[in-house]
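Below: one structure, written as structure tokens.
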Amino acid sequence: MKFTVAIDGPAAAGKGTVARAVAAEFGFAHLDTGLLYRAVGRRVLDGVPPETAASTLRHDDVLRGDLRTPEVSRAASEVAALPGVRQALVEYQREFAGRDGGAVLDGRDIGTVICPSAEAKLFVTASEVARAHRRWLELTAAGHDATEARVLEDIRNRDARDAGRRDAPMIAASDAVILDTSDLDVDEMSAFALAEVRTRLAGKQRA
Ligand code: C5P
Numbered sequence: 002m003k004f005t006v007a008i009d010g011p012a013a014a015g016k017g018t019v020a021r022a023v024a025a026e027f028g029f030a031h032l033d034t035g036l037l038y039r040a041v042g043r044r045v046l047d048g049v050p051p052e053t054a055a056s057t058l059r060h061d062d063v064l065r066g067d068l069r070t071p072e073v074s075r076a077a078s079e080v081a082a083l084p085g086v087r088q089a090l091v092e093y094q095r096e097f098a099g100r101d102g103g104a105v106l107d108g109r110d111i112g113t114v115i116c117p118s119a120e121a122k123l124f125v126t127a128s129e130v131a132r133a134h135r136r137w138l139e140l141t142a143a144g145h146d147a148t149e150a151r152v153l154e155d156i157r158n159r160d161a162r163d164a165g166r167r168d169a170p171m172i173a174a175s176d177a178v179i180l181d182t183s184d185l186d187v188d189e190m191s192a193f194a195l196a197e198v199r200t201r202l203a204g205k206q207r208a
């Protein structure tokens, strides 16, 4: 059976956490689409032109261990504003979404552009301060030298670029359920998402 879960939202809102919980609970394949843009951004920092970096992206590129740095986050959101880069990544994402056995994709434009007919759509968000605090904890735990104020500024800049671009801007699909995780822990946000997907899955099985 085909069943697609689209999870969108801004940086550090909990999309990845929620997507992994859904994938584990229902046995769906999971694609973190941000990693595709990060891998393209990384290659651009290495000197490859953006459209070439996207159209020749290989599996190994998304497995690199250095894709979660602030420098790569910035580069990813810069290349993500280029229509040629986005276009080069569409087909791979749609094929992934259409696989048998169910798929969950998280990103910025999954429910609006990549899979507008996804069976379940969530827009996961949280206050800027909550998101900056979480990202700062992650970065410092990974050994990066970061201040919370700098992380907040990076998040604001990235949100503005992602929401303000002409092509596939970050926006909740009109039929997405909004999940605000500002005051939720991992178990609470996961439980909300699982309940939503369970309801949609039951609806599809009845139909
Ligand atoms: O989700 P993550 O923070 O890893 O994404 C990195 C960047 O990739 C985002 O800031 C955004 O610019 C871009 N992106 C996108 N569309 C997606 C996923 C990520 O434009 N579906």
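Under our numbering, read the sequence shown as residues 2 to 208, first letter to last. Even glycine gets a Cβ: it sits at the ideal position worked out from N, Cα and C.
Return the residue from the list the options that minimises the CA-CA distance to residue i.
i: A119; options: I111, A192 and D181; result: I111
i: D163; options: E26, R75 and H31; result: R75
i: H145; options: E154, E129, P71 and G15; result: P71
i: R65; options: A22, Q88 and R39; result: R39
i: F27; options: F124, D101 and E149; result: D101
i: Y93; options: G15, A22 and T34; result: T34
i: V114; options: H134, P84, A133 and G103; result: P84
i: E82; options: N158, R136 and G165; result: It should be pointed out that residue 82 corresponds to Ala in this sequence rather than to Glu. Nearest option by C-alpha distance: G165.
i: V178; options: R157, A131, K205 and E197; result: E197
i: D184; options: V130, D176 and H60; result: V130
i: F97; options: F4, E149 and K205; result: F4
Taking 6 Å as the cut-off, does the CB of residue i come closer than this to any heavy atom belonging to the ligand C5P?
i: D163; result: yes
i: R109; result: yes
i: Y93; result: no
i: T34; result: yes
i: R159; result: yes
i: A12; result: yes
i: S78; result: yes
i: A54; result: no
i: A143; result: no
i: A81; result: yes
Between which two residues does the beta strand (DSSP E) carrying residue i extend?
i: V23; result: Unbroken run through V23 is the alpha helix (DSSP H), K16 to F27; no beta strand (DSSP E).
i: H60; result: Looking at the DSSP string, H60 is not in any beta strand (DSSP E); the run it does join, the alpha helix (DSSP H), is H60 to V63.
i: I179; result: V178 to D181
i: L32; result: A30 to D33
i: L123; result: A121 to T126
i: G108; result: A104 to G108
Looking at residue i: is its Cβ nearer than 7 Å to the Cβ of residue j?
i: K122; j: A194; result: no
i: V41; j: V91; result: no
i: V80; j: V45; result: yes
i: A127; j: T200; result: no
i: L36; j: V6; result: no
i: I8; j: A24; result: no
i: L138; j: A147; result: no
i: L153; j: L106; result: no
i: A14; j: V125; result: yes
i: F29; j: G99; result: no
i: D232; j: P11; result: Nothing about residue 232 can be reported from this structure: the residues present for the chain run from 2 to 208 only.
i: M190; j: R109; result: no
i: V187; j: T53; result: no
i: A55; j: A77; result: no
i: I212; j: A142; result: What the structure shows of the chain is the stretch from 2 to 208, and residue 212 is not part of that stretch, so it cannot be assessed.
i: L68; j: R43; result: yes
Going by DSSP, what residue range makes up the alpha helix (DSSP H) through residue i?
i: G10; result: That residue, G10, is in no alpha helix (DSSP H); it is neither H nor E in DSSP.
i: H134; result: E129 to A142
i: L68; result: Neither: L68 is in no alpha helix (DSSP H) and is coded neither H nor E.
i: D160; result: E149 to G165
i: A55; result: P51 to S56
i: M2; result: Unbroken run through M2: none, as it is neither H nor E.
i: L195; result: V187 to R207
i: L90; result: P84 to A98
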